[in-house]
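J.: Just passing along the structure, written as structure tokens.
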Amino acid sequence: MKILNAGNDRFPDQLGNVIKNIRQNLVVWSKDKKTGEEKEIKKDFILIQEEKKVGGIVAFKEEIYSKDKASRAISNIMDLIQSEDSDTCILCGESFSRPYKKLQQASYPFVTKIKSLSGVRSYKDGEVYSFKEYFSNFCPKCYLIGILVWADNGLVYRTFPRGKTFVFLPKMNSIKELTIFKESYREILYPSGRYSNLRVERGSNKVENTLGEYSTLLCFYERFFLEVEDPVAYATQWFVVHIPLGTMKNVKYDDLSLKGNIVHIIREISTDKGPPIYAEIIKEIYFFNDNSKGSPVNWEITRTIQEKLSESFLKDDFRHFTKQLLPRKG
């Protein structure tokens, strides 16, 4: 997202127009099972609450994503950012006047209303052990950043219905390199995919149906090095956010650091037109049942083996990689 001439009165309208354009990254289109009509559906992992649909269009509760209220909301946020400071933000540590909204999962996924999950332990009156809430210590700048991240079409995600979504956030020390990296791989992502957005090939609307967290990341690297010629920068560290799809949203994350030589191997195999480790080796490994009835392939065990192989390879764990290939009963 790039906003030019931000230092003028037109900034709220300019940003509002940009948000209207990127709002589409929060939703997908699907046919209504009863009427057969096309309607918008919020992507399963988006933690922004919605109201009743209007004409089949998702109505988000956050005014910044409202067609009619976005500019006003942005004006209010900018006024608060520029106001005199008095409080300290619990996230960024900067001073601010007052919050635009309290801390919530829509703008910071790791907070919940359950004190045992999001409270900060403290002593009350020097004796009673309790939890203190800091939901109001949330500056409007952090709110604006947090609420707009969902609309970034550079988020890599994989959703499993009735399970969870893995959202992959590259971790790099340089903002410049991070920007270059994300810009280079946007074209291999399909932003209109509900359960996955990793294209099977550039320009295709078909997506990869990977098996889990590690197979998705391994598949991403293969697609990236195959499709992006001579990448200037790429990440070897990732925050992988786990977002449950049920009513209980206890969001967690993994902090993954891959060895440079592992990523280099993936790159070499992909660019030298060799058999890709995931697409043509791991993905083609199956576990067969030792019986003549029913399906010969045990898909549950097969998926487990393929995901464990992906994890072991990325973690450079040879012992656990070979362990997955040992004979077993089925």
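Here the sequence shown stands for residues 7 to 336, where the numbers follow the numbering used here.
Cβ atoms here follow ideal geometry from the backbone N, Cα and C, with glycine treated the same way.
Predicted model only: the values in this text are computed from it and were never measured.
With three or more C-beta pairs closer than 8 angstroms as the rule, is the region 244-251 touching the region 50-62?
T.: At 8 angstroms Cβ cutoff, the stretches touch.
J.: Looking only at DSSP bridge pairs, what is A65 linked to?
T.: Indexing the sequence shown from 1 puts residue 65 at position 59. Looking at the DSSP assignment, A65 forms a beta bridge with E57.
J.: The beta strand (DSSP E) spanning P176 covers which residue range?
T.: Sequence index remark: in the sequence shown, residue 176 carries index 170 (1-based). Start and end: K170 to K177.
J.: Quickly, what does DSSP pair E228 with across the bridge? List them, please.
T.: Within the sequence shown, residue 228 is the residue found at index 222, counting from 1. Note: E228 sits in no beta bridge, so no partner.
J.: May I ask you to check if the CB of A157 is nearer than 7 angstroms to at least one heavy atom of the ligand MG?
T.: Among the ligands in the structure shown, none appear at all, so the ligand MG cannot be discussed.
J.: Terminal residues of the continuous alpha helix (DSSP H) containing K182?
T.: Taking the sequence shown and counting its residues from 1, one reaches residue 182 at position 176. I181 to Y191 is the span of the alpha helix (DSSP H), which, as asked, contains K182.
J.: Please classify P281 as buried or exposed, where buried requires at least 16 other C-beta atoms within 10 Å of its C-beta.
T.: Here residue 281 is taken as the residue at index 275 of the sequence shown, counted from 1. With fewer than 16 other Cβ atoms within 10 Å, it is exposed.
J.: Mind checking P146: buried by the 16 CB within 10 Å criterion, or exposed?
T.: Working through the sequence shown from its first residue, we reach residue 146 at position 140. So P146 counts as buried.
J.: V247 bridges to which residues according to DSSP?
T.: Taking the first residue of the sequence shown as position 1, residue 247 is located at position 241. Partner(s): V173 and Y259.
J.: In whole angstroms, give me the CA-to-CA distance for I311 and N203.
T.: On the sequence shown, residue 311 is found 305 positions in, with the first residue counted as 1. On the sequence shown, residue 203 is found 197 positions in, with the first residue counted as 1. C-alpha separation (whole angstroms): 23 angstroms.
J.: Determine the DSSP secondary structure at V155, reduced to helix, strand or coil.
T.: Position 149 of the sequence shown, counting from 1, holds the residue named residue 155. Three-state result, V155: helix.
J.: Could you compute how far the alpha carbon of Q88 sits from the alpha carbon of V34?
T.: Along the sequence shown, read from residue 1 onward, the residue named residue 88 stands at position 82. Along the sequence shown, read from residue 1 onward, the residue named residue 34 stands at position 28. Spanning the two alpha carbons is a distance of roughly 36 angstroms.
J.: If you draw a straight line from the C-alpha of D278 to the C-alpha of L150, how long is it?
T.: The residue given as residue 278 occupies position 272 in the sequence shown. The residue given as residue 150 occupies position 144 in the sequence shown. Their Cα atoms are separated by approximately 43 angstroms.
J.: Let's test the definition: count the other Cβ atoms within 10 Å of the Cβ of S210 and tell me whether it reaches 16, buried, or not, exposed.
T.: Working through the sequence shown from its first residue, we reach residue 210 at position 204. Classification of S210: exposed, given that the 10 Å Cβ count is below 16.
J.: What would DSSP say about D19, mapped onto helix, strand or coil?
T.: On the sequence shown, position 13 is the one that residue 19 refers to. In this structure, D19 counts as helix in the three-state DSSP scheme.
J.: Just how far apart, CA to CA, sit Y383 and F116?
T.: The structure shown has nothing for residue 383, since the chain only spans 7 to 336.
J.: Hey, out of L161, V213 and K107, whose CA is closest to V246's CA?
T.: On the sequence shown, residue 246 is found 240 positions in, with the first residue counted as 1. Answer by Cα proximity: L161.
J.: Classify K39: buried if its beta carbon has 16 or more other beta carbons within 10 angstroms, exposed otherwise.
T.: Taking the first residue of the sequence shown as position 1, residue 39 is located at position 33. The residue is exposed, with fewer than 16 neighbouring Cβ atoms inside 10 Å.
J.: I need the boundaries of the beta strand (DSSP E) containing R273, first residue and last residue.
T.: The residue you call residue 273 lines up with position 267 of the sequence shown. Unbroken run through R273 is the alpha helix (DSSP H), G266 to T277; no beta strand (DSSP E).
J.: Taking all protein chains shown into account, do 16 or more other C-beta atoms lie within 10 angstroms of the C-beta of N11, making it buried, or fewer, making it exposed?
T.: For the purposes of this step, residue 11 is identified with residue 5 of the sequence shown, where counting begins at 1. Since pLDDT at N11 reaches only 47, below the 50 mark, its modelled position is unreliable, and no value is offered.
J.: Distance check for W244 and I9, CA to CA, integer angstroms please.
T.: Here residue 9 refers to the residue found at position 3 when the sequence shown is read from its first residue. Here residue 244 refers to the residue found at position 238 when the sequence shown is read from its first residue. Because I9 carries a pLDDT of 47, less than 50, the predicted location of this residue cannot be relied on, and no value is offered for it.
J.: Looking only at its chain, what residues have a beta carbon closer than 8 angstroms to the beta carbon of E56, apart from the 5 residues adjacent to it on each side?
T.: Here the question's residue 56 lines up with position 50 in the sequence shown. Here the set comprises K48, V64, A65, F66 and K67.
J.: Go ahead and pull the three-state DSSP assignment for E313.
T.: On the sequence shown, position 307 is the one that residue 313 refers to. The answer is helix: DSSP assigns E313 an H, G or I state.
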